[in-house]
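To start, the structure itself, in C-alpha cells.
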Amino acid sequence: MAGSEADAARALARDRRARVLQALGLTAPLLVFLAFTFLIPIGALLMRAVENPEVARALPATVAVLDSWDTVSAPPDGAYRAFADDLLAMAEPADAGGLARRLNSELPGARSLVMGAFRQRESFATLDAPAAKAAFLALDERWQQPELWRVIARNGSRWTPDYLLASVDRRRDATGDVVAVPEEQAVFVRILLRTLGIGATVTLVCLVLAYPLAWWLSTLPVRKANRLLILVLVPFWTSVLVRVAAWIVLLQSEGLVNRALAGLGWIDRPLELLFNRTGVIIAMVHILLPFMILPLYSVMKGIPRDYQRAAVSLGSHPLGAFVRVFVPQTLPGVTAGVLLVFILAIGYYVTPALLGGPADQMLSSSVAQYANVELNWGMACALGAVLLTATLVLYGVYRRFATGEGLTA
Amino acid sequence: MASDPSSVLVRFAGVAKTYDGTTFAVRDLDLDVRHGEFLTLLGPSGSGKTTTLMMLAGFEAPSTGDILLDGRSIRATPAHRRNFGMVFQSYALFPHLSVGDNVAYPLNVRGVSGQERRDRVARALAMVRLEGYQTRRPSQLSGGQQQRVALARALVFEPTLVLMDEPLGALDKQLREHMQIELKALHRQLGITFVYVTHDQGEALTLSDRVAVFQDGALQQVAPVDRLYEAPANRFVAGFVGDATFLEGRLVSRHSGAVELELPGGWRLRGVDGDLGDAPPGTDVVAVVRPERIAFTSEPAGENALSATVEDVIYFGDHLRARCAIDGQAVATVKVPLGPRPPVGGAVSLHLPAEHLRIYR
Ligand SMILES: Nc1ncnc2c1ncn2[C@@H]1O[C@H](COP(=O)(O)OP(=O)(O)OP(=O)(O)O)[C@@H](O)[C@H]1O
Ligand SMILES: [Mg+2]
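If you read the sequences in order, they're chains U and X.
If you read the first sequence in the working numbering, its first letter stands for residue 180, the second for the next number, and so on.
If you read the second sequence in the working numbering, its first letter stands for residue 32, the second for the next number, and so on.
Structure, rendered in C-alpha cells:
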C-alpha cells in the first residue's frame, strides 16, 4: 500500500516537472524577446536616470582631492594640479567633450572653460600645484569660482539623484539638502499635472462617448455588432500623422467644422479649435476611443440580458435596473478601458506637438526635447521614469479595484 | 380580489406574436390561468413557450390580442409595475450583490426597509432552507442553492403571480427531481399562482395542476395532467406527453363515438374518437395506445387483437417493457409486470382495449 503511494507521489512529481519544462520551453522565446525589447531597455532607462558617469570617469584625481574640500572656501591648489593630471590622462578629445557638456548643463559657460584648458593641457605637464593654479587662472579668471568646483565635487560619484529631483522641480543646494527650485525654473511639475489633466479629460470624454455606444453594440446580434465594430477600428487603419493632418483640415478656422457651424448660423466668429487644448483633446479622443469601446463591449457582451429583466420583474424601473444591476457589472470593463486610455494618453507626443500650442505640450515632448535636442539622457530618462511611475501607480490602483470588488460570477 | 380557485386570474385573449412580421412565434392564443393553480406551458423547443411567458411578464408586447389580469387589460402596464415574480433558467442572481441583498432587492425598490425588510428576507430564505447564507456571494453557491435564492427573491415581495422559465433546466437529474418536490410543496404552502415553462413532459406531469401544450406557436391542449395523459386532444399531444404506440390505418366507420379502423394487414380495430371531426370513411388515421394498456392475450382472433413478434425486453426496475414488432407498423411498446419474461423472438398476441385506443387524424 505504502509502496504504491510513494510510486504515485514520484509519478506526480515527474509529471509536474515535465509540465514545468514544457511551459518553460513554450514561453522561452517570448521571454527572451521581452527581455531584450522591454525589460533591459526599461532597466537601462531607470539606470540612466540616476547614472552620472561623466565627471567620475573623466576626473578621478580631481574628485579625490575635492573630497576633503569644505565646498565654501577657495578650492585647494591641489585640485588644479589634479585637474591638469586628469586632462593629461584623457585619451581623446571626445572624453573632454562629454565632461564639458555635462558641466555646462549645470553651470553655463563651463564648456568653454574645460575645452580651453584641454587644448592647453600639455603646458600644465610639469607645473607644481600653485603654478598650476596660476596657469589656469591665467587661462581664464573664472577658474577660481568655487561654484565650478562645487559642481565637479557634487557630480563626483557615479550615481546621482539630481535628474530625478529635477524632474519634479527639486534640487540639492550647496549643503546637499533637497529644496524646491526657484519659481521661474519650475516647469516639470506643471507639465506633469498638465499631462495628467489632459489624460484625465481625454479618458472621461472617451468613457462618456464609448459607454452608450458599447451598450448599443452589445444589444445587437453578433454578426451585426461585428460589422459595426470594424467601423470602430477604422481609426487604427490610418497613420497618426494622416489623422492629425485630417484634423488640421477639419478644425482650422476656415475648416469644415467652423464653416458648417457658421453656415448653420450658430457662430459669428470661427471657433479656435486648432493649436490649443480643444484640438489636442478632440484628436486624442478620436485616436483612443477604440481602446475604451473594445473592453466595454467585451464585458457588456458577456452580461446576459436576464439580469436586467430579472431586476425589472422584481420591480425596478428599467433605468434603475440599468444603473443598479447593469452598470456595476460593467465596472471591470470601465476600469480596464479607463486604465488603458489614460496610460496611453499620458504618453502622447505627436498629437500635442502638431495640434497643440506651447501650453499644451505634455511630458513626452520634454523627454523628446532632452533626448533629441539637448542630448541630456539623464533628464530624458528621469522624466521617462516619472511617467513610468505614474503608470505603475495607476496599475496598482486598478489591481486593488479589480480584486477588491471580487466580480467573479 | 376573488380567491375562488376556479376563477380566472389571467386571460390571454386572441394573442399572437410575431418578431419578424411574417412568422408567428405565438398564434391565436386563448388561455386562462386560474387563481392559485400551477400551470405549465409545455412544448418542444421553439414552440413559443418563452414568448408567451415574456408577453405575460411584460417584456414582449403581443402583436395582436390582449392579456387581462383580473379582467383588466395589462397591455399598458410596464413589466416593473406588474408585480410578477420571475425565475430564469440562468437564475440571474446579481453577481455584485450578496445573497441577502439579492433577496432584499425587490423590497428595496418597493421602499421596504429596516426591521421589516430584514425579517422578510430572513423568512424568504428560511422558506427555501437557506438560513445563514445571507452574506455569501451567488458565485459561492451550488446551482441548486442559487436556484433557491432566485426563488426566494421572486417570492419575497408576495407577487400576484410567479413566472418560471425552465428554472431547473441547468440542474442534474437528481437535484432536478428534488427541486420539483420542493417547488410543488412551496406552491401548495403559499397558494400563489405559478406559471411554469418546460419542455420536459415528465416534469410538467409531476408539478402541474394543469398543462398547456404548445407546438409551432399554437396551443394544442390545456388540461389537468391526468386528462392530458389519458385523453390527449390530438396526435401531437399523444406523442409528446408520455409514451405511446402509434398504429397507422384507414377509417372504416363511426357510430356515436365508437370508431372502427382497418390496419394495412387487414386487422380491424375499434377505438374512441380522438379528433376525427367529420372525417369521412377512408381517411388515413392513427390509433394511439399507452404501453400499460396493451396486454398479452391467448386469443389471437379476439376482438382488438393483433399478432406480433417480441423483439426485445427491457428491464425498468419495477417493470419490464417488451418491444413488439407488428407487420407494417412502428414497434409497439408493452408494459409487462415483473415476472416471467416473454421470450425474445416469440410470437405473441396483443390486446388493445377499445376504450383505451384513441383514434386521431
Ligand atoms: N427575440 C426574438 N427575436 C426573433 N425571434 C424570436 C425571438 N425570440 C423567439 N423567437 C422565435 O420565436 C419562436 C418561439 O420562440 P420561444 O423562445 O418562445 O420558444 P420556446 O418554446 O421557449 O423554446 P425553447 O424550449 O427552446 O426555449 C422561435 O422560432 C424563435 O426563433
Ligand atoms: Mg424558451
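Yeah, the Cβ is synthetic: ideal placement off N, Cα and C, and Gly gets one too.
If you measure from the beta carbon of X/A110 to each beta carbon in chain U, is any gap under 7 Å? Closer than 7 Å: yes.
Heavy atom of ligand 1 within 6 Å of U/H465 beta-carbon: Exclusion of U/H465 from the 6 Å shell around ligand 1 follows from its C-beta lying no nearer than that to any non-hydrogen atom of the ligand.
Would DSSP call X/W298 helix, strand or coil? Look at X/W298 here: in three-state DSSP terms it is coil, with no helix or strand label.
Under a three-way DSSP split, which group does X/M195 fall into? Here X/M195 sits in strand by DSSP.
Return no unless some Cβ of chain U is closer than 7 Å to the Cβ of X/A254. Chain U contact via Cβ: absent.
Check the DSSP bridge columns for X/E279 and list the partner residues they point to. The secondary-structure analysis by DSSP pairs X/E279 across a beta bridge with X/V317.
Same chain, Cβ closer than 6 Å to X/P263, five either side skipped, listed in chain order: Once the five neighbours on either side are set aside, the close Cβ partners of X/P263 are A269.
When the Cβ atoms of the segment 372 to 392 of chain X are set against those of the segment 319 to 332 of chain X, are three or more pairs found closer than 8 Å? In short, these stretches touch, since the Cβ pair count reaches three.
Below 6 Å from a heavy atom of ligand 1 - residues by beta-carbon: The set of residues with CB atoms less than 6 Å from any heavy atom of ligand 1 reads, in chain order, X/Y50, X/A56, X/G74, X/S76, X/G77, X/S78, X/G79, X/K80, X/T81, X/T82, X/H230.
Do the CB positions of X/V193 and X/A185 come within less than 7 Å of each other? In contact: X/V193 and X/A185 (Cβ atoms closer than 7 Å).
Positions along the segment 498 to 509 of chain U whose CB lies within less than 9 Å of some CB in chain X: Against chain X - using a Cβ distance shorter than 9 Å - the residues of the segment 498 to 509 of chain U are G499, A500, R503, V504, P507, Q508.
Residues of chain U with CB closer than 8 Å to the CB of X/F117, please, in chain order. According to the sequence provided, residue 117 of chain X is Met. The question's Phe does not apply to it. Ordered by position in chain U, the residues that pass the 8 Å Cβ test against X/M117 are R488, A489, S492, L493.
Under the three-state DSSP convention, the category X/I357 falls into: DSSP, read as helix, strand or coil, puts X/I357 in coil.
U/P483 touches chain X at which residues, Cβ-Cβ below 9 Å? The answer, in chain order, is F119, S121, A123.
Excluding the 5 residues preceding and the 5 following U/G535 in the sequence, name in chain order all residues of the same chain whose CB lies nearer than 6 Å to its CB. Only V459 meet the Cβ criterion.
For X/G396, does the three-state DSSP call read helix, strand or coil? Outside the modelled stretch of chain X, which goes from 32 to 392, sits residue 396 of chain X, for which no answer is possible.
Helix, strand or coil for X/R167 per DSSP? Looking at X/R167 - three-state DSSP - the assignment turns out to be coil, as it is neither helix nor strand.
Just to confirm the assignment, what range does the beta strand (DSSP E) spanning U/Q487 have? Unbroken run through U/Q487 is the alpha helix (DSSP H), 485 to 492; no beta strand (DSSP E).
How should X/R106 be labelled, buried or exposed, when 16 other C-beta atoms within 10 angstroms of its C-beta is the threshold for buried? By the 10 Å Cβ count, X/R106 comes out exposed.
Going by beta carbon distance, what residues of the same chain come within less than 6 Å of U/A561, once the five residues before and after it are set aside? Correct list, in chain order: A228, Y342, L343, S346.
Neighbouring residues, chain U, relative to X/F225 (Cβ below 7 Å): By Cβ distance, chain U contributes nothing, its closest Cβ being about 14 Å from X/F225, past 7 Å.
Which residues, in chain order, does the segment 86 to 112 of chain X contribute to contact with chain U at a C-beta distance below 7 Å? Going along the segment 86 to 112 of chain X in chain order, one finds A88, F90, A110, H111 with a Cβ nearer than 7 Å to chain U.
Given a cut-off of 7 Å, decide if U/V436 and U/L443 are closer than it, judged by their beta-carbon atoms. Between U/L443 and U/V436, the C-beta gap is not smaller than 7 Å, which leaves the two residues out of contact.
Cβ-Cβ separation, X/F188 to X/P137 (assumed contact under 8 Å), whole Å: About 4 Å separates the Cβ atoms of X/P137 and X/F188, confirming a contact at the 8 Å cut-off.
Segment contact, 8 Å Cβ cut-off, at least three pairs: the segment 272 to 290 of chain U with the segment 349 to 367 of chain U: Touching, no, given that fewer than three Cβ pairs across the two stretches are closer than 8 Å.
Nearest chain U C-beta to X/R141 closer than 7 Å, yes or no? It does: the Cβ of X/R141 has a partner Cβ on chain U nearer than 7 Å.
U/D274 beta carbon less than 7 Å from that of U/T241: Their beta carbons are not under 7 Å apart, which means U/T241 does not touch U/D274 by this criterion.
Inspect the beta-carbon positions of X/Q211 and X/G74 and report whether they are closer than 7 Å. 7 Å or more divides the Cβ of X/Q211 from the Cβ of X/G74.
With a threshold of 8 Å on Cβ separation, who are the neighbours of U/A441 within its own chain once the five nearest residues in sequence on each side are excluded? Answer for U/A441: D447, P449, listed in chain order.
Could you name the residues of the same chain whose beta carbon sits closer than 6 Å to that of X/M32, not counting the 5 residues immediately before and after it, in chain order? Model confidence at X/M32 stands at a pLDDT of 42, short of 50, so the residue's coordinates are unreliable and nothing is read from them.
Among X/Q177, X/L128, X/D150, which one has its Cα closest to the Cα of X/T166? Here the closest residue by C-alpha is X/L128.
On the CB-based measure, 16 or more other CB atoms within 10 Å of its CB, does U/W328 come out buried or exposed? Here U/W328 is buried. Its C-beta has 16 or more other C-beta atoms within 10 Å.
Assess contact between the segment 230 to 238 of chain U and the segment 324 to 338 of chain U, defined as three or more Cβ pairs (one per stretch) separated by less than 8 Å. Is contact present? A contact is defined here as three or more CB-CB pairs under 8 Å, and the segment 230 to 238 of chain U meets this definition with respect to the segment 324 to 338 of chain U.
In chain order, each alpha helix (DSSP H) run of at least 4 residues that lies wholly inside the segment 387 to 413 of chain U: Taking only runs of at least 4 residues, the alpha helix (DSSP H) segments lying wholly in the segment 387 to 413 of chain U are 401 to 412.
Candidates U/R369, U/T509, U/T530: which alpha carbon is nearest U/P474's? That would be U/T509, whose Cα lies nearest to the Cα of U/P474.
Please decide whether X/P137 counts as near chain U, where near means a Cβ-Cβ distance under 7 Å. By this cut-off, X/P137 is an interface position.
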